[in-house]
Amino acid sequence: MACLSTSKLVISSAPQTLRREHRRPMAPAAAASAARPLPSQQETQQSRRSLLSAAAGVLLVAAARPAAAAVPVPAAPQTGDCTSCIGEVNETLNTCNLDTPSCISTLNDDEGHFAAPWMFDGDRDAAVARLVEVATGGDYAPGLIDTFGGIRQLDAAGYIAKGVLAVATGGDMPAQPKRQRKTQGELLPFDGQLVARKTLPDGAEYIRVVLGTAGGAASEVEDVSSVMDAEFLFLADDNIVNVRCASRVQPEGGLRSGGQLALSFTQGLMIDKNVARRQMESLRQALRWELAPVITEFDPQFSAEAPVFVEKLFNPFSGKNSFQPSGYAYPSEGGK
């Protein structure tokens with residue numbers, strides 16, 4: 001076999017017949033390619049995953065929100081007695097304008113803006129000092145993670161799947177997943193700046209903190225709705241704190257401009273535009289303070305007249321809500 005031609009024996013379909021097939025010699029590169037083993041199924045799957053990951057990355061980059069242009073920090077509101085003013089009024093706090101989406105106040109009586117007072121344990125002076133410390137960037141103990149009441153998404157999904165299987169097969173229900181706290185690496189310090197503190201004639205302590213300006217160091221911000229004035233009134237001889245907080249510039253309310261998907265017990269799936277409420281709730285949880293129990297007429301827990309969102313869907317013409325499925329205001333829906 002002096003010739004290096006690649007010849008092979010081919011067995012034809014006819015019985016007892018042998019024939020020799022001759023082909024041209026292959027180039028070295030072609031020979032090396034032919035000698036390379038075919039990729040395994042695992043390698044093929046890995047290649048597909050890499051391709052899909054790259055494609056997903058491209059889509060995410062394409063869909064990402066462009067960086068917002070920085071704008072000057074909004075000016076502080078005026079001090080006085082009005083729904084857009086800051087400062088204490090007659091030894092209490094201002095309310096929020098009903099048309100203002102990002103504002104909460106203990107003095108409001110509507111569901112969209114009312115905020116229950118906070119309760120702390122121990123000495124009032126120590127509580128005031130602790131609030132100022134945490135709000136201006138101090139350390140605080142990790143709270144529960146933000147998903148499913150402190151339960152990780154995979155744990156919640158696994159619990160639901162196992163529960164459904166147990167019901168279908170008559171087996172034992174799985175153990176409930178444990179709540180998880182954030183790690184120190186997941187904590188974001190608050191960036192507040194203490195701008196006002198005074199003792200009122202009745203002995204209450206008034207505190208105002210500006211959030212969203214990097215402790216007062218920022219002259220420009222990308223999200224103007226994140227700049228907000230948070231006011232706290234520590235009542236005399238009590239463990240109660242009244243709260244008011246409002247964004248200086250109201251968010252547009254979309255998912256990319258201050259809005260956030262939320263599930264409401266009374267409204268169902270909604271876009272939450274109240275940036276101030278979310279920020280104050282994060283601060284309260286960081287302090288580990290409780291909400292004072294307050295009975296309100298719009299809370300279904302205390303009022304049979306307040307429907308939950310499921311009742312609104314099945315009874316839209318009850319006259320107990322403003323749900324207008326037809327787009328027209330019938331008399332029972334509040335129209336004339």
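Note that the sequence shown covers residues 1 to 336 in our numbering. All residues carry an ideal CB built from backbone N, CA and C; glycine is no exception. Predicted model only: the values in this text are computed from it and were never measured.
Quick check: does the Cβ of residue i come within less than 7 Å of any heavy atom belonging to the ligand COA?
i: I104; result: Looking for the ligand COA in the displayed structure turns up nothing, as the structure carries no ligands at all.
Where residue i and residue j are concerned, what is the direct C-alpha to C-alpha distance, given to the nearest angstrom?
i: R337; j: F234; result: As shown, the chain starts at 1 and ends at 336. That puts residue 337 outside it, with no answer to give.
i: E290; j: L283; result: 11 Å
i: E88; j: R181; result: 36 Å
i: F314; j: A157; result: Low local confidence applies: a pLDDT of 45 at F314 is under 50, so the model's placement there is unreliable, with the coordinate-based value given in what follows. Cα-Cα distance, rounded: 29 Å.
i: G192; j: T136; result: 4 Å
i: E220; j: V210; result: 14 Å
i: T95; j: Q78; result: 14 Å
i: P117; j: K162; result: 40 Å
i: A230; j: L154; result: 36 Å
i: L341; j: T169; result: One cannot answer for residue 341 here, as it falls past the ends of the chain, which runs 1 to 336.
i: I160; j: G150; result: 16 Å
i: N239; j: F120; result: 6 Å
i: V167; j: R179; result: 24 Å
i: S226; j: S84; result: 16 Å
i: R248; j: G171; result: 55 Å
i: Y140; j: L200; result: 29 Å
i: P174; j: V164; result: 10 Å
i: Y330; j: D237; result: Only weak support is given to the placement of Y330: the predicted model assigns it a pLDDT of 35, under 50, and the question is left unresolved by the model.
i: D109; j: F232; result: 18 Å
i: H113; j: T100; result: 9 Å
i: S127; j: G203; result: According to the sequence as given, residue 127 is Ala; it is not Ser. So the alpha carbons of these two residues sit roughly 15 Å apart.
i: G122; j: A292; result: 15 Å
i: I86; j: E222; result: 23 Å
i: C82; j: E297; result: 25 Å
i: G80; j: V224; result: 23 Å
Which residue from the options puts its Cα closest to that of residue i?
i: V275; options: F232, Y159, G212, A116; result: G212
i: E205; options: V134, C82, P142, V243; result: V243
i: E281; options: T296, I295, P251, C245; result: C245
i: V71; options: A218, T100, R152; result: A218
i: P152; options: P177, E231, S84, E297; result: Looking at the sequence provided, one finds Arg at residue 152 rather than Pro. The option with the nearest alpha carbon to R152 is P177.
i: V132; options: V294, E297, L287; result: L287
i: A214; options: G138, F232, V164, L200; result: G138
i: R278; options: S105, T92, I86; result: S105
i: P142; options: P293, A292, Q285; result: Q285
i: V294; options: G80, E111, D202, T92; result: E111
i: T92; options: E222, V241, P74; result: V241
i: M228; options: E222, Y140, Q250; result: Q250
i: V73; options: G80, G216, V164; result: G216
i: R130; options: A292, E297, I207; result: I207
i: V134; options: F190, G80, E297; result: F190
Could you check where the alpha helix (DSSP H) with residue i kicks off and where it finishes?
i: E281; result: 275-287
Exposed or buried, residue i, counting other C-beta atoms within 10 Å across all chains shown (16 or more means buried)?
i: S102; result: buried
i: L98; result: exposed
i: R197; result: exposed
i: A115; result: buried
i: E252; result: exposed
i: A69; result: exposed
i: A76; result: exposed
i: T403; result: Residue coverage of the chain in this structure runs from 1 to 336, which leaves residue 403 outside it and unanswerable.
i: N90; result: exposed
i: V195; result: exposed
i: A2; result: For A2, the pLDDT reaches just 45, beneath the cut-off of 50, and the residue's location in the model is therefore unreliable, leaving the point undetermined.
From which residue to which residue does the beta strand (DSSP E) around residue i run?
i: R197; result: 193-199
i: N239; result: Run containing N239: none; DSSP gives neither H nor E here.
i: R208; result: 205-211
i: S219; result: Unbroken run through S219: none, as it is neither H nor E.
i: S105; result: 103-105
i: D229; result: 228-234
Item to complete: Starting from the N-terminal side, write out each stretch of the alpha helix (DSSP H) that is 4 residues or longer and does not extend beyond the segment 127-177.
Response: Unbroken alpha helix (DSSP H) runs of no fewer than 4 residues, entirely contained in the segment 127-177, are found at 153-169, following chain order.
Practice prompt. Please specify which runs of the beta strand (DSSP E), each continuous and at least 3 residues long, are wholly inside the segment 72-107, giving them in chain order.
Written response: Taken in chain order, the complete beta strand (DSSP E) segments of 3 residues or longer contained in the segment 72-107 are 103-105.
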